[in-house]
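In my numbering, the protein residues as written are 1454 to 1600.
Don't be surprised by glycine CBs; every beta carbon is placed ideally from N, CA and C.
What you are looking at is a predicted structure, and each value in this text was computed from that prediction instead of being measured.
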Amino acid sequence: MKIAIGSDHGGFVLKEIVKGYLIDKGYDIEDLGCDSNESVDYPDFALKVAEKVSSGAFEKGILMCGTGIGISISANKVKGIRAALCHDHLTASLAARHNNANILCMGGRTTGPETAKDIVEAWLNTSFEGGRHSRRLAKIAEMECKK
1454 MKIAIGSDHG GFVLKEIVKG YLIDKGYDIE DLGCDSNESV DYPDFALKVA
1504 EKVSSGAFEK GILMCGTGIG ISISANKVKG IRAALCHDHL TASLAARHNN
1554 ANILCMGGRT TGPETAKDIV EAWLNTSFEG GRHSRRLAKI AEMECKK
């Protein structure tokens, strides 16, 4: 599975941890930045990852900023993106099962490394249920087309 990963400065340390963890697990990872703790703007990195996922170049994306809030809001502005800010195993598995989230967001200042690894595992290893959830996702897709 190809996964695009990115962060701003607030998520940089956690991104590096998660990236190493995923590489060790054998995932194909592309790091789209940032490259240090130096202050940058999270919308820039959210856009890079979201466009890669939206275009189909990558199956999934993972984004981090200080809280995960700004980067998730930004990613969700890209058509076809369902970015979910997750805080634990349950929210990550439900984001996959019910929302078919294609981008996982976490907070570098709010999520510890071991919790982040558990969140990533739950999200990657939970399948979308479909059914009534497909109907709801279709409504979200319709909303994206309205001006």
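Just checking my contact of G1463 with G1519 at CB under 8 Å: how many whole Å lie between their CB atoms?
Here residue 1463 refers to the residue found at position 10 when the sequence shown is read from its first residue. Here residue 1519 refers to the residue found at position 66 when the sequence shown is read from its first residue. About 3 Å separates the two Cβ atoms, so the contact holds.
Pairing CB atoms from the region 1520-1535 with CB atoms from the region 1569-1577, are three or more of them under 8 Å?
no
Can you give me the Cβ contacts of C1487 inside the same chain, cut-off strictly under 7 Å, excluding the 5 residues immediately before and after it?
Sequence index remark: in the sequence shown, residue 1487 carries index 34 (1-based). Taken in chain order, the residues that qualify are S1460, D1461, H1462, F1465, V1493 and F1498.
Cβ atoms of H1586 and H1551: under 9 Å apart, would you say?
Position 98 of the sequence shown, counting from 1, holds the residue named residue 1551. Position 133 of the sequence shown, counting from 1, holds the residue named residue 1586. Yes, the pair counts as a contact, with Cβ atoms nearer than the cut-off.
Going by C-alpha distance, which of R1589, A1554, F1581 and L1538 is nearest T1563?
Taking the sequence shown and counting its residues from 1, one reaches residue 1563 at position 110. Of R1589, A1554, F1581 and L1538, the residue nearest in Cα terms is L1538.
Residue from G1561, T1579, N1553 and E1567 whose Cα sits closest to the Cα of I1593
Taking the sequence shown and counting its residues from 1, the one referred to as residue 1593 is at position 140. Ranking G1561, T1579, N1553 and E1567 by Cα distance to I1593 puts N1553 first.
Identify the continuous beta strand (DSSP E) that holds M1517 and give its terminal residues.
The residue you call residue 1517 lines up with position 64 of the sequence shown. Per DSSP, M1517 belongs to the beta strand (DSSP E) from K1513 to C1518.
Beta strand (DSSP E) containing M1559: first to last residue?
On the sequence shown, position 106 is the one that residue 1559 refers to. M1559 -> beta strand (DSSP E) spans I1556 to G1560.
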